[in-house]
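Protein chains in written order, with the UniProt record's numbering: chain D, 1 to 307; chain B, 1 to 549.
Step one of this worksheet: look at the structure below.
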């Protein structure tokens, strides 16, 4: 297993270099960010030239990439155009987004698995069709609709919560955004678990376990559920990455200054150091989450071994 | 045995996840008070804010969000009256000149920065020299371009030859002289813009520290500033101006989205929002029970033509341009797309100037009136559209540009009874659009927006239409216009200067290098908790006047 992990980590190096280079090229290909810094007017050429020199924009692309990567390895992600170090932005944005993503994942796991097991065991019954219908509705309504509707109803109409999350973002305020963020994935988790459970409930080992006289609860949780979790874990693993990067819509609706928002603002303002820096970290998050998922397979299914 | 190890592994994994979750949530625990959602201390205004694009410093702030802060914490020689736009003395006691070129400035007694240090002539001269020096990379450097010696500290290329502008001379503790590189009679009236604000010693000795907590001589002082989150301001006890705050302070809160700010305003968690989401403009007046402001801002939108392209030169080109102008139904666009937050333009200036400042509605005459029949005739007289069709180019990343462009093109197509006479050419980002314009790559009409630097007619004419001026994107050049502008700048009194600028404006409209489209308004909404909210000519809320109920 140790050797497997080392091999996987080594494989990450070319992937990391390749993705960061692509991102770098794409962000810089969009155009000259200095132009956008002067408002609705022609930039003053002398000041623009100075700014370009500061951000190395006057050098050829490959050289810019080299300089950038060199700095990254010494922990310097450069400065955003408003003078704030990108590392400082990360230090405030990542904890927020991680907290939001955790709230969402916990909601997904708890509600998704429970609904999945319930419907999987009661195939064809009213509860099954009811939940299936519900998941269909949730999947087809976009996040910005659920988000703004919940926000308006709970925040403005009924005044139960504050519509915007405060900068400190305590857990209580993150519950609604977390739920909104989790909804779509939650529906997928439910459906994946249901199919998996429904399939496995006819498997031989389940029959054996029942024949052994094990209590029903133990059969379901220890034998049936555990063996049905592999597709769900795969989904959740990639979803963690998506939740970190893709919380953009939810973060903007609920005023959460997290990763998605910083990325969005970086793109809108063509703030290349912010965009490349955040995406670089996200690439690492994705790679590690995938490795973790692969390792979890071995925990769930004894037949899978890594040498 | 195997089973046992498996169980412990699972347990360990779960425990690890649990610890992670706890630490992550612990970061947020404890500090649940403050910020959005909570109430504000008595008498403090909670206002919408977004992260300023540049660090907040006078010569480096060219957008409203940073300008909002500077307006509160800085006071220059002059200040623009929030309702009339007239430049009135603030720190200046007097500004005098004999030749419209050398100005003697005397400062009023008693002005201090919020850290207690006095405002002296040096505070101004040092700040201006800092702003102009090219190596300081200040985006507002060009504001100092009329001061003698600007070219030495801010050359087009290469290193600056001097660090200080030769035109600035301190003549006393509270007196200095400014020599300009050309005659500019209205120059004193430009001094109300925040780029000309004085700076305390700490700005130069501890620049990093100053940016973290700016210090100025304005009605408010910064109590705390957390970048990307909020800024808290309270009254500056050292403030010497007449417009002392009528409230206890302001809390600026950074929002991720205009819609979120608007929702918070509706929920009563926010008091002043000066950026209303475009989608809500239609309902804002009703939603907010009339607590909605829609007033002129110093922004105009025009459609410019590439006058460097030979197809657009000469008498015939002018006829076609005038024809196109008459083919645009401005009223419909401003009402249907902008819900009255734009006004059809009838001259090249802006209503914020007021009649006294040189705004003259109807100066454009019939050329700016919608009349399809006359339009068709004019275009025909001019030999039709060059090549039979025309494109309309703009960036489409902001400001509902795509919608109005389509409306304008439809209007032109309907007039000419031709489906593809006018086509929209959307450019994804502003930066790309800007590169195309400065590269003189335009073939057809393109959007040119102008946000004034100071409420003066000069600012709507000279930078845009003087030969080779900094924002003369169409490449328009007319010696007669240049001469009229020079005369206006040399004029002894303001009234004749304005008259000459209007003559230049009329002359420009004869060639018609740009189609005036509409004047943009500033919009804001406010809560029931506050009153007496208005916007200044730069569309920034006048915070000092707001009263908290």
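The C-beta atom is built at its ideal place from N, Cα and C for all residues, glycine as well.
Fair warning: this is a prediction, and the values are worked out from it, not measured in the lab.
Beta-carbon proximity of residue i to residue j, cut-off 9 Å
{"i": "residue 260 of chain B", "j": "residue 140 of chain B", "result": "no"}
{"i": "residue 232 of chain D", "j": "residue 192 of chain D", "result": "yes"}
{"i": "residue 328 of chain B", "j": "residue 411 of chain B", "result": "yes"}
{"i": "residue 196 of chain B", "j": "residue 127 of chain B", "result": "yes"}
{"i": "residue 79 of chain D", "j": "residue 302 of chain D", "result": "no"}
{"i": "residue 190 of chain D", "j": "residue 116 of chain D", "result": "yes"}
{"i": "residue 276 of chain B", "j": "residue 525 of chain B", "result": "yes"}
{"i": "residue 74 of chain B", "j": "residue 198 of chain B", "result": "yes"}
{"i": "residue 321 of chain B", "j": "residue 394 of chain B", "result": "no"}
{"i": "residue 518 of chain B", "j": "residue 361 of chain B", "result": "no"}
{"i": "residue 185 of chain D", "j": "residue 228 of chain D", "result": "no"}
{"i": "residue 155 of chain D", "j": "residue 164 of chain D", "result": "yes"}
Through-space distance from residue j to residue i, alpha-carbon basis
{"i": "residue 189 of chain B", "j": "residue 178 of chain D", "result": "53 Å"}
{"i": "residue 28 of chain B", "j": "residue 257 of chain D", "result": "Note on residue 28 of chain B: pLDDT 38, under 50, position unreliable in the model; the coordinate value appears next. Going from the Cα of residue 28 of chain B to the Cα of residue 257 of chain D covers about 13 Å."}
{"i": "residue 104 of chain D", "j": "residue 25 of chain D", "result": "33 Å"}
{"i": "residue 475 of chain B", "j": "residue 426 of chain B", "result": "22 Å"}
{"i": "residue 347 of chain B", "j": "residue 445 of chain B", "result": "18 Å"}
{"i": "residue 317 of chain B", "j": "residue 369 of chain B", "result": "19 Å"}
{"i": "residue 11 of chain B", "j": "residue 1 of chain D", "result": "The predicted position of residue 11 of chain B is uncertain, since its pLDDT is 49 and thus under 50; no value can be drawn from it."}
{"i": "residue 31 of chain B", "j": "residue 170 of chain D", "result": "Below a pLDDT of 50, predicted positions are generally treated as unreliable, and residue 31 of chain B, at 36, falls in that range; the measurement from the model is reported next regardless. Going by the C-alpha atoms only, they are around 7 Å apart."}
{"i": "residue 91 of chain D", "j": "residue 127 of chain D", "result": "45 Å"}
{"i": "residue 491 of chain B", "j": "residue 184 of chain B", "result": "8 Å"}
{"i": "residue 219 of chain B", "j": "residue 465 of chain B", "result": "37 Å"}
{"i": "residue 24 of chain B", "j": "residue 201 of chain B", "result": "Caution is warranted here: a pLDDT of 42 is assigned to residue 24 of chain B, below 50, making its placement in the model unreliable, and no coordinate value can be reported."}
{"i": "residue 87 of chain B", "j": "residue 175 of chain B", "result": "20 Å"}
{"i": "residue 290 of chain D", "j": "residue 20 of chain D", "result": "18 Å"}
{"i": "residue 26 of chain B", "j": "residue 168 of chain D", "result": "In this predicted model, residue 26 of chain B has a pLDDT of only 41, less than 50, meaning its place in the structure is not dependable; the value taken from the coordinates is given anyway. Roughly 11 Å between the two C-alpha positions."}
{"i": "residue 297 of chain D", "j": "residue 267 of chain D", "result": "37 Å"}
{"i": "residue 50 of chain B", "j": "residue 294 of chain D", "result": "42 Å"}
{"i": "residue 324 of chain B", "j": "residue 95 of chain D", "result": "55 Å"}
{"i": "residue 377 of chain B", "j": "residue 480 of chain B", "result": "29 Å"}
{"i": "residue 199 of chain D", "j": "residue 120 of chain D", "result": "9 Å"}
{"i": "residue 255 of chain B", "j": "residue 69 of chain B", "result": "16 Å"}
Per-residue burial, residue i [other beta carbons within 10 Å of its own, 16 or more giving buried]
{"i": "residue 17 of chain D", "result": "exposed"}
{"i": "residue 76 of chain B", "result": "buried"}
{"i": "residue 158 of chain D", "result": "exposed"}
{"i": "residue 205 of chain B", "result": "exposed"}
{"i": "residue 224 of chain D", "result": "buried"}
{"i": "residue 279 of chain B", "result": "exposed"}
{"i": "residue 42 of chain B", "result": "exposed"}
{"i": "residue 452 of chain B", "result": "buried"}
{"i": "residue 125 of chain D", "result": "exposed"}
{"i": "residue 515 of chain B", "result": "buried"}
{"i": "residue 305 of chain D", "result": "exposed"}
{"i": "residue 357 of chain B", "result": "buried"}
{"i": "residue 520 of chain B", "result": "buried"}
{"i": "residue 539 of chain B", "result": "buried"}
{"i": "residue 282 of chain D", "result": "buried"}
{"i": "residue 62 of chain D", "result": "exposed"}
Contact test: residue i Cβ vs the ligand MG heavy atom, cutoff 8 Å
{"i": "residue 216 of chain B", "result": "You won't find the ligand MG in this model; it holds no ligand whatsoever."}
- Message: Which residues of the stretch 20-50 of chain D have a Cβ closer than 7 Å to any Cβ of chain B? Give them in chain order.
- Response: 30, 31, 32, 33, 35, 36, 37, 38, 39, 40, 41, 42, 44, 45, 46, 47, 50
- Cβ contact (3+ pairs, closer than 8 Å) linking the stretch 244-251 of chain B and the stretch 490-506 of chain B: Contact between the stretch 244-251 of chain B and the stretch 490-506 of chain B is absent, because fewer than three Cβ pairs lie under 8 Å.
- Using a Cβ cut-off of 8 Å, which residues of the stretch 49-70 of chain B contact any Cβ in chain D, in chain order? Taking 8 Å as the Cβ-Cβ cut-off against chain D, the residues of the stretch 49-70 of chain B that qualify are 51, 52, 53, 54, 55, 62, 63.
- Item | Positions along the stretch 205-237 of chain B whose CB lies within less than 8 Å of some CB in chain D | 211, 226, 227, 228, 229, 230
- Query: Taking any Cβ of chain D, which residues in the stretch 154-170 of chain B have a Cβ under 8 Å from it, in chain order?
  - Reply: 154, 155, 156, 157
- Message: Tell me whether the stretch 40-57 of chain D and the stretch 92-112 of chain D touch, counting them as touching only if at least three CB pairs, one residue from each stretch, are closer than 8 Å.
- Response: By the Cβ test, the stretch 40-57 of chain D is not in contact with the stretch 92-112 of chain D, since fewer than three Cβ pairs between them sit closer than 8 Å.
- Is there contact between the stretch 47-63 of chain B and the stretch 150-159 of chain B, where contact requires at least three CB pairs shorter than 8 Å? no
- Query: Name the residues in the stretch 166-186 of chain D whose C-beta lies less than 9 Å from a C-beta of chain B; which are they?
  - Reply: Across the stretch 166-186 of chain D, CB contacts with chain B closer than 9 Å involve 166, 167, 168, 169, 170, 171, 172, 173, 174, in sequence order along the chain.
- Three or more beta-carbon pairs under 8 Å between the stretch 141-158 of chain D and the stretch 233-252 of chain D, yes or no? The stretch 141-158 of chain D makes contact with the stretch 233-252 of chain D, as at least three CB pairs between them are under 8 Å.
- Message: Short of 8 Å Cβ to Cβ, which residues in the stretch 129-157 of chain B face chain D?
- Response: 134, 135, 137, 138, 139, 141, 142, 154, 155, 156, 157
- Where the stretch 227-245 of chain D meets chain B: residues whose CB sits under 9 Å from a CB there: none
- Query: Touching or not, the stretch 290-304 of chain B and the stretch 341-361 of chain B, by the rule of three or more beta carbon pairs under 8 Å?
  - Reply: yes
- Query: For the stretch 133-156 of chain D, which residues have a beta carbon sitting closer than 9 Å to at least one beta carbon of chain B?
  - Reply: 148, 151, 152, 155, 156
- the stretch 429-455 of chain B: positions lying closer than 8 Å to chain D by Cβ: 429, 430, 431, 432, 434, 435, 437, 438, 449, 450, 451
- Query: Taking three-plus beta-carbon pairs below 8 Å as touching, is the stretch 276-286 of chain D in contact with the stretch 235-246 of chain D?
  - Reply: yes
- Message: So if I threshold CB-CB distances at 8 Å, which residues from the stretch 70-84 of chain D count as touching chain B?
- Response: 81, 82, 83, 84
- Message: At a CB distance below 9 Å, what residues from the stretch 241-256 of chain B approach chain D? Give them in sequence order.
- Response: 253, 254, 255, 256
- Pull out every residue of the stretch 266-288 of chain B whose Cβ sits closer than 9 Å to any Cβ of chain D, in chain order. 266, 267, 268, 269, 270
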